[in-house]
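Just below is one structure, and these are the notes that go with it.
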Ligand SMILES: [Zn+2]
């Protein structure tokens, strides 16, 4: 009651903020142009909930990069998607037999994408269950992407190790700087672009002279005064 009494008030719970801050910022999902293009075609072609897997890596910046995506062999349904063990095994075999770095590629599969066709991109119960299965495979993290034909792509980052899910993470197309191209463009720049050289007459008092500025200011103030009926 009395704010100045000798006894402190007991602590009582307030309306908690419950905000989580990630040290180093909230990670984004970056997508290579090749992966973006393939995923768009998958979504455009499929009228069911088609699904795929992809490689992902964590960049030094903390962001996640989707590198390459692979369509799974699957039985599709209009409103559900499931990753079958057979589909994953077939993809692993395909990569290992067709690519020199196939084994490495299989171990870097940390992305699952699927289409919700024309529905919203919020995850279904099945989608959440699938992410719990990935966790049991002892991955530190996994990225999920849900897409639809209405131009929406939603990525969720599951940081299993930290026990954090970044829902609807910011995403962007990955645009690496090509150093070879950069060197060429720099050479072209120094050949074609140079500072303008002004001749003495362009700095004449006629353009920016003190007298002219002064008269312009006076003229303006007179005009303004007149308009307001002073
Ligand atoms: Zn889904």
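Residue numbers (my numbering): 451 to 680.
By construction, the Cβ of each residue, glycine as well, lies at the ideal position given by its N, Cα and C atoms.
Distance CB(residue 561)-CB(residue 526) smaller than 9 Å: Working through the chain shown from its first residue, we reach residue 561 at position 111. Working through the chain shown from its first residue, we reach residue 526 at position 76. The answer is no: Cβ separation not under 9 Å.
Within 7 Å of ligand 1: residues by beta-carbon to any heavy atom: Every residue passing the under-7 Å Cβ criterion appears here: 499, 531, 564, 566, 573, 574, 576, 577, 596.
CA nearest to the CA of residue 617, picked from 596, 635, 637: For the purposes of this step, residue 617 is taken as the residue at position 167 of the chain shown. For residue 617, the closest of 596, 635, 637 by C-alpha to C-alpha distance is 596.
Pick from 599, 485, 584, 579 that is closest to residue 571, judged by C-alpha positions: Numbered from its first residue, the chain shown carries residue 571 at position 121. Ranking the options by Cα distance to residue 571, first place goes to 599.
Length of the line joining the Cα atoms of residue 608 and residue 637: For this step, residue 608 is matched to residue 158 along the chain shown. For this step, residue 637 is matched to residue 187 along the chain shown. Each residue's CA atom was taken as its position, placing residue 608 and residue 637 some 44 Å apart.
Sufficient close CB pairs (3 or more, under 8 Å) joining the stretch 472 to 480 to the stretch 619 to 637: As far as the Cβ criterion goes, the stretch 472 to 480 touches the stretch 619 to 637, which means the pair count is three or higher.
Best match in 583, 644, 528 for proximity to residue 497 [C-alpha to C-alpha]: Here residue 497 refers to the residue found at position 47 when the chain shown is read from its first residue. Selected option, being the one with the closest Cα: 528.
Backbone CA spacing between residue 521 and residue 501 [nearest angstrom]: To locate residue 521, count along the chain shown from 1; it is residue 71. To locate residue 501, count along the chain shown from 1; it is residue 51. The C-alpha of residue 501 is placed about 7 Å away from the C-alpha of residue 521.
Helix, strand or coil at residue 556 [DSSP, three-state]: Here residue 556 refers to the residue found at position 106 when the chain shown is read from its first residue. It is helical.
Any chain D beta carbon closer than 9 Å to residue 503: Checking the listed chains, one finds no chain D in this structure; it contains a single protein chain.
Residue 559 beta carbon less than 9 Å from that of residue 509: Residue numbering aside, residue 509 sits at position 59 when the chain shown is read from its first letter. Residue numbering aside, residue 559 sits at position 109 when the chain shown is read from its first letter. Residue 509 is not a Cβ neighbour of residue 559, given a cutoff of 9 Å.
Check whether residue 532 and residue 517 have beta carbons under 9 Å apart: Start at 1 with the first residue of the chain shown, and residue 532 comes out as number 82. Start at 1 with the first residue of the chain shown, and residue 517 comes out as number 67. Their beta carbons are not under 9 Å apart, which means residue 532 does not touch residue 517 by this criterion.
Own chain residues within Cβ distance below 6 Å of residue 542, not counting five before or after: Position 92 of the chain shown, counting from 1, holds the residue named residue 542. Cβ neighbours of residue 542 beyond the five flanking positions: 556.
Cα-Cα separation, residue 545 to residue 535: Taking the chain shown and counting its residues from 1, the one referred to as residue 545 is at position 95. Taking the chain shown and counting its residues from 1, the one referred to as residue 535 is at position 85. Just so you know, the alpha carbons of residue 545 and residue 535 end up roughly 15 Å apart.
DSSP bridge partner residues for residue 606 (one or two, in chain order): For the purposes of this step, residue 606 is identified with residue 156 of the chain shown, where counting begins at 1. Assignment of beta-bridge partners to residue 606 by DSSP yields 594.
Beta-carbon contacts of residue 671 that lie in its chain and below 8 Å, excluding the five residues immediately before and after: Residue mapping note: residue 671 aligns to position 221 of the chain shown, counting from 1. Note that residue 671 has pLDDT 44, beneath the 50 cutoff, so the model's placement of it is unreliable and the number below is only indicative. In its chain, beyond the 5 residues on either side, no residue has a beta carbon closer than 8 Å to the beta carbon of residue 671.
Coarse secondary structure for residue 523, derived from DSSP in three states: Here residue 523 is taken as the residue at index 73 of the chain shown, counted from 1. It is coil, neither helix nor strand.
heavy atom of ligand 3 below 8 Å from residue 509 C-beta: As presented, the structure is devoid of ligand 3, carrying ligand 1 as its sole ligands.
Between the CA atoms of residue 610 and residue 459 - distance to the nearest angstrom: For the purposes of this step, residue 459 is taken as residue 9 along the chain shown, with counting starting at 1. For the purposes of this step, residue 610 is taken as residue 160 along the chain shown, with counting starting at 1. Answer to the nearest angstrom: the Cα atoms are 41 Å apart.
Residue 583 versus residue 515 - alpha carbon distance: Within the chain shown, the letter at position 133 stands for residue 583. Within the chain shown, the letter at position 65 stands for residue 515. Answer to the nearest angstrom: the Cα atoms are 22 Å apart.
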